[in-house]
Structure formats: structure tokens, C-alpha cells
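Below is one structure, written out as C-alpha cells; comments come after it.
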Amino acid sequence: MKQRNAGQPRQEQAGKMASPDADSGTSRRPVIDNGNGAAGLAVAAGSGNGRKLPERYAIKTSGKEKALTCLEAPNLNVHIEAGLSFTAAVARKSPSGTIFLDGVAQCEPFMDHERQVYNLDHHEGCVRAFTLSTCEQALVMYMKGLDLRNREWHIFANEPDLDTLLAIWILLNHTRIGRQDANQRRLLFALVRYEGVIDALGLELKELSALPETLMRKMQRVVDHLRANELEIKKEGGWNATNYMDYTAAALNKIDQIFYKPSDFIDYQGMEELARIDLSDQRIAVAVEADMGIYEIEPHLNKLYGDRLGVVFLKKGPNTYTVRQTDLFMPITLDPIYERLNFMDTAVKGRTRTNKWGGANDIGGSPRETGTYLTPAQIVHACGAAVAKPGLLERLYRFGTIAALTVLIVLCAHAIRWIWDPAAWIAPSPVAHLWASAEFGFVLALLMGAGLSLMVVARRRSWQYGWSAPIGKQWMLLLPVAALGGWLGGVWAPAAPAAADGNRVALFLPGLIAMPIAVELLFRGLVHGLLAQHALVQRSDSRWFLSWPILGSTVLYAGFAALNIFGHPGAAAAPGAWLSVAAALGGAFLFGFAAGWIRERSHSLFPAMLSHSLAAAAAFLLPRLW
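Quick note, the sequence shown lines up with residues 1 to 626 if you use UniProt numbering.
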């Protein structure tokens with residue numbers, strides 16, 4: 001909680017309070033004359049025509065975080081929490097677009113224009129008597145041209161006293177202050193100056209505001225009116241238990257009633273911002289809700305966001321959206337955005353035949369049959385992912401992370417193979433030939449490693465990792481290519497059995513069933529799915545192309561095959577072995593590409609597993625038929 005300097009207490013006694021209306025019993029707001037005989041501030045909200053001012057302040061919740069916003073300045077987020085404070089080092093290193101108010105930052109007032117971080121304060125690191133109050137600092141920054149529309153801002157406060165409330169009101173109402181007439185603005189300046197002097201120096205020095213006596217008395221009535229609730233709560237001892245966010249929203253509406261008339265909101269539209277994301281330094285995407293069509297709302301969007309708006313999602317129903325690209329000169333159209341939304345949306349799951357996100361290059365909408373199952377935040381983040389162009393270093397970093405996980409799983413499987421000896425663990429009980437072999441331990445460990453990893457990363461998004469029924473038929477064209485890769489030695493095939501060994505199950509189960517399942521879960525499930533989170537992939541009805549997830553999963557699969565080839569003693573030392581090794585590595589790449597295309601064109605892991613079984617069968621049977 002902020003501390004006031006000793007010897008300069010602000011009086012907690014209210015002055016002349018707003019008098020109750022004799023007829024209705026309700027409190028009337030003070031009337032301030034503008035000096036020309038006309039009322040500069042309306043007597044009551046909605047007086048004269050029965051209309052009320054709109055309630056423009058809302059509390060947004062994102063996870064455990066709450067923020068107060070104004071519907072006309074949705075890029076400003078106000079965070080108010082009792083006892084909230086930041087050290088000087090943390091405050092100065094805060095993210096761009098941060099404003100600290102009245103004691104939150106434990107340091108002197110500062111303005112970092114380069115990073116756009118500001119501390120509006122008059123408590124620490126300054127001579128309080130010579131420093132403007134927080135609300136005056138906010139007004140000066142606004143009048144000096146601080147651009148609050150160019151980015152998302154986070155404003156932090158720890159107590160909603162009147163000084164802080166006026167600062168917040170000025171920041172949230174920056175667009176309307178500029179449109180006020182001269183008389184209204186002078187009245188605002190007078191109130192801010194009067195409250196600033198009282199907050200910084202104490203009520204006994206209020207004459208230093210230099211306001212005329214009549215205007216000063218009227219300003220005192222306004223201050224008393226705005227502080228009435230605060231004083232009543234403190235009198236009852238409930239201030240520390242007050243919900244500061246709700247209190248601030250109500251207080252801001254009260255200030256609105258002082259400075260605005262219903263006629264000031266003739267052009268006001270009850271549009272609410274649901275989510276936003278930066279697409280670049282100059283462009284943003286937003287999801288909004290309003291009772292207007294997409295073309296009707298564009299002028300109002302231009303007022304709020306200026307030329308920064310690139311893509312807008314207009315919520316028309318519980319699960320229905322219209323999407324519009326407002327900047328036609330963006331380097332992309334809506335098509336890649338549709339692709340990413342269809343990949344992310346549970347209502348679509350990548351199956352884009354009918355029920356899907358789609359439309360024209362500049363306007364479209366959500367799935368028509370079911371609507372979308374995405375939240376507004378997920379929608380704009382999908383849009384951001386579609387627009388983002390990750391650089392080479394970023395791609396390599398992600399690939400390296402996924403490769404490290406893959407190598408760990410494979411090495412653990414090989415370690416299990418080396419120590420696998422169930423006969424020694426369970427002796428003297430007889431052990432079946434099938435699971436007594438080291439190959440069985442290897443396949444089992446590989447299957448468990450890939451399966452457990454998928455369970456962790458693919459929760460609620462299993463279709464993105466191929467865990468869905470196959471669709472389409474084009475993928476069948478690639479089955480012969482996969483078989484060719486297996487015949488060249490690109491897949492692990494069962495070894496020929498000893499003459500006396502008639503256990504065919506022990507021969508075929510690991511090589512033709514278990515190994516294909518384990519390997520495809522790892523490479524076309526886990527690896528491909530992780531790479532697809534930041535890359536474009538094919539659909540069953542899209543054009544054919546080599547995607548980054550196919551390339552990345554194939555490279556890692558070829559490394560896995562090479563480890564198996566060179567892991568056998570003497571595999572590369574036999575005469576002419578280099579030719580077989582080269583053919584096997586070429587077959588691994590050929591099979592990896594074929595299995596990757598099958599995975600993407602079918603939207604499923606199961607055809608990839610089938611292709612792997614066919615390739616293993618080809619590797620085992622074809623050499624024996626010749």
C-alpha cells in the first residue's frame with residue numbers, strides 16, 4: 001500500500017456532500033457552471049431525455065489474471081491489487097507498454113520513451129512538495145502526445161484512491177478527452193489540478209491550485225461526491241477487504257456521469273473486444289463482439305484501432321464468427337489462416353470437406369454446421385501462428401529440441417535391449433521365446449516411450465498427432481513406394497528363423513506388427529505432430545507438397561534406421577557392405593517420405609502403420625522369393 005509523507009495528511013472528512021433529492025431519495029451530482037451561465041456538467045446521467053450513460057468498463061478474466069478495460073480503449077489493461085509493488089530493477093526492466101501508478105514501483109518517477117515504460121508517482125525518490133500528483137502526471141503525458149493506441153498497455157495500481165482513479169480515467173478515456181469541447185476540458189483540468197494539490201500537499205494548501213474561490217468550492221463538492229463511497233467503506237472498516245477491481249469500475253462510471261452527457265454517446269457502439277494478438281509491429285488481429293454486421297462495424301474499428309487492424313473476427317453467435325481481412329496489403333491472405341484454424345479447431349479436426357473455416361481471400365467465417373469450438377483467445381493465436389514466419393534459427397532450435405526428445409526415447413529403448421534378460425529375472429520359470437528376445441524388450445521400450453510422450457503432449461488435441469480415422473484415398477497411391485523403401489532395407493525386418501525354430505509368432509509379431517506401431521507412433525505421431533504445431537501441412541484435398549514436418553520426421557527416422565544398421569556388429573565391415581548400407585539408408589529416406597505423405601493425406605497414423613507393416617513384409621519376403 002502506498003505511504004503518504006508525514007506532516008502532509010489528506011483529510012478524511014468529506015466536505016459538503018451531494019444533497020439527496022427530496023423527491024426520489026437519490027444523490028444528485030454537483031452542478032458546475034462553465035462561467036457563461038450554462039451548466040458545464042449535467043445534473044444527472046440521462047437527465048432531460050431519460051437515457052443513461054453506457055457502462056463502458058468491464059473486467060476481463062484470462063486464467064487467474066483479471067484486468068479492467070474500457071470498451072473504447074480495449075488495448076489498455078488495468079491491474080489493481082492491494083499491496084502490489086515492484087522493485088526499481090524489476091520496474092525498469094518491465095515489458096514495453098507498462099505504466100505504474102502511485103506507489104506501485106518502489107523508485108523515483110521515470111519515463112522510458114524508448115521502451116515505453118513509465119512510472120507516474122510522487123512518493124519515492126522525489127521531493128513530494130515539488131512533484132505533480134499521479135493524476136496530473138497522467139494528464140500532462142496525454143497532453144504532450146503519448147500515443148496510447150499504438151500497442152497493448154498494462155497499467156498497475158495498488159489502491160483506487162481518487163488520485164489513482166483520475167489517472168486511470170484519463171488513460172482509459174484518452175480518445176474522448178481529445179473530442180471534448182474547450183469548456184469541458186477546462187473543467188477536467190480544474191478537477192485534476194485541485195485533486196492533485198490536495199493529494200500531494202494536503203487539504204490545507206488547496207489554495208495553491210490557484211482556482212477562483214467559486215470554482216474551488218464547486219470542485220470540492222465534486223471531490224466529496226467522488227470520495228463518498230471510499231470514506232463510507234473506510235468508516236465501516238471494510239476498505240482492505242474491498243474488491244478493488246469492482247470498486248474501480250463503479251468509480252469510473254461515476255466519473256463518467258460527471259463529465260459526459262447521453263448525447264456524447266450518440267455514436268457509441270456496445271462493441272466488446274474479446275481477444276487480440278500482435279501480427280507484426282504495425283498490425284494486430286482482434287476478436288470482437290457487437291450487434292452489427294462486419295461492414296457496419298468497420299468505421300468503429302477504425303476509430304478504436306486506427307490503421308493497425310489487420311484481421312478482425314466478429315462474434316455473431318455463441319460459436320459463430322465472421323472473419324475479415326481489413327488490410328488488403330498484408331503479405332498474406334486469409335487462406336493460411338483458414339488452414340491453421342481448421343488444424344486447431346476441435347469442430348473440424350483438419351477434416352475440411354464441408355464443416356470448416358473458409359470463404360474468400362478477404363472475408364469468410366467459422367464452420368457452418370457446428371460453429372467453432374475455439375475460444376476467442378485461441379482464434380487470434382491461431383491467426384498469429386498462421387501469419388508468423390519463423391526464421392531458420394527458430395526452426396532449427398525447435399527441431400533440435402524435438403530431436404533431443406526422440407534421441408532420448410531411442411537410446412532408452414537400446415539400453416533396455418542391452419539389459420533385457422527376463423529369463424534371469426524370473427528363473428527358474430520357463431520364459432516364452434517371444435518376449436525373452438532382446439528385440440522384444442527394444443520394441444516394448446520404444447512403444448512405451450512414444451506412447452507416454454504422446455499422452456503428455458497430445459491431450460485434447462489427439463487429431464493433430466494422427467490419432468483419428470483415415471479419410472480420402474489418395475494416400476493409397478504411396479503404399480508401393482513405401483514397400484519399395486522397405487525392400488531396399490529402409491525398415492527393420494525380422495531375421496530369418498533358425499531351422500529348428502518353428503515359432504512363427506516370435507518371428508512376425510515384433511517385426512510386422514509391434515515395430516511398425518512403435519516406430520510410427522514415434523516419428524509420424526510424436527515428431528510429426530510437434531513439428532506441425534508451427535508449420536503448414538497437407539490435407540486430403542489440398543495440393544501435394546513437401547511439408548516441414550514430413551522433412552523433419554524423415555531425417556530423424558533415417559537417423560534411427562542408420563543407428564539400427566550400424567548397431568549390428570560387422571554390418572558395415574563385410575565385403576561389399578557399403579552398397580547394402582547405402583541402399584538401406586536410401587530406402588529409409590524413401591520410406592520416411594512416403595510414410596509422411598501417407599500420414600498427412602489420410603489425416604491418420606493408422607495408414608502409416610499399415611505402410612510400415614507392408615514395407616517390413618516386403619523386406620522379409622521379397623529377398624526370399626528371388
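Positions of the beta carbon are idealized from the N, C-alpha and C atoms, including for glycine.
- Residue pairing by DSSP places T98 opposite V117, H154 in a beta bridge.
- Secondary structure of I59 (DSSP, three-state): strand.
- Distances from the alpha-carbon of A82 to those of M515, G587, T242, I99 put T242 closest.
- Between I284 and I294 a beta carbon distance of about 17 Å is seen, past the 8 Å cut, so the two are scored as non-contacting.
- Shown here for A73: same chain residues with a beta carbon closer than 6 Å to its own, the five before and five after excluded, namely L172 in chain order.
- Under the three-state reduction of DSSP, H79 is assigned to strand.
- For I170, the enclosing alpha helix (DSSP H) begins and ends at 162-172.
- Taking 8 Å as the upper bound for CB-CB distance, W420 and G449 are not in contact here, some 15 Å apart.
- Nearest to S462 by alpha-carbon distance, out of L605, F329, L585, W357, is L605.
- Distance from the Cα of A129 is smallest, within the candidate group P95, Q116, K206, T164, for K206.
- Under DSSP, G359 takes part in a beta bridge, and its partners are G364.
- In the DSSP assignment, D112 is bridged to V117.
- Within the DSSP secondary-structure output, C383 pairs in no beta bridge.
- With 16 or more neighbouring CB atoms inside 10 Å of its own CB, Y194 falls in the buried class.
- When rounded, the separation of the alpha-carbon atoms in L274 and R601 is 35 Å.
- In the same chain as D335, and ignoring 5 residues on each side of it, the C-beta atoms closer than 8 Å to its own belong to N361, in chain order.
- Distances from the alpha-carbon of L526 to those of T87, A58, A514, I409 put I409 closest.
- Under the three-state reduction of DSSP, L279 is assigned to coil, being neither helix nor strand.
- For F259, the uninterrupted alpha helix (DSSP H) segment begins and ends at 244-259.
- The C-beta separation of W597 from I550 comes to about 7 Å, placing the pair in contact by the 8 Å criterion.
- Sixteen is the threshold: since fewer than 16 other Cβ atoms of the shown chains lie within 10 Å of the Cβ of V456, the residue is exposed.
- By a beta-carbon distance limit of 8 Å, T87 does not contact N77. Their separation comes to about 21 Å.
- In the same chain as G384, and ignoring 5 residues on each side of it, the C-beta atoms closer than 8 Å to its own belong to I277, D278, L279, A285, in chain order.
- As the crow flies, the alpha-carbon of L201 is around 40 Å from that of G306.
- Pairing A483 with L590 gives a Cβ-Cβ distance that is not under 7 Å.
- Straight through space, the alpha carbons of L252 and I266 are spaced by roughly 20 Å.
- Using a Cβ-Cβ distance cut-off of 8 Å, the segment 216-228 and the segment 134-146 are not in contact, since fewer than three pairs of beta carbons, one from each stretch, lie closer than that value.
- I471 carries a coil assignment under DSSP once its states are collapsed to helix, strand and coil.
- In this structure D102 is not in contact with L84, their Cβ atoms being roughly 11 Å apart against a cut-off of 8 Å.
- According to DSSP, residue pairing for K315 in a beta bridge involves E289, Y321.
- Secondary structure at E394: helix, using DSSP grouped into helix, strand and coil.
- Between the alpha carbons of H122 and V90 lies a gap of roughly 19 Å.
- Within the same chain, L454, V457, A458, G525, L526, H528, G529, L605 come within 8 Å of Y465 by CB-CB distance, once the 5 residues on both sides are set aside.
- Straight through space, the alpha carbons of I233 and W239 are spaced by roughly 6 Å.
- L621 is not bridged by DSSP to any residue.
- DSSP places E236 outside any alpha helix (DSSP H), giving it a letter other than H or E.
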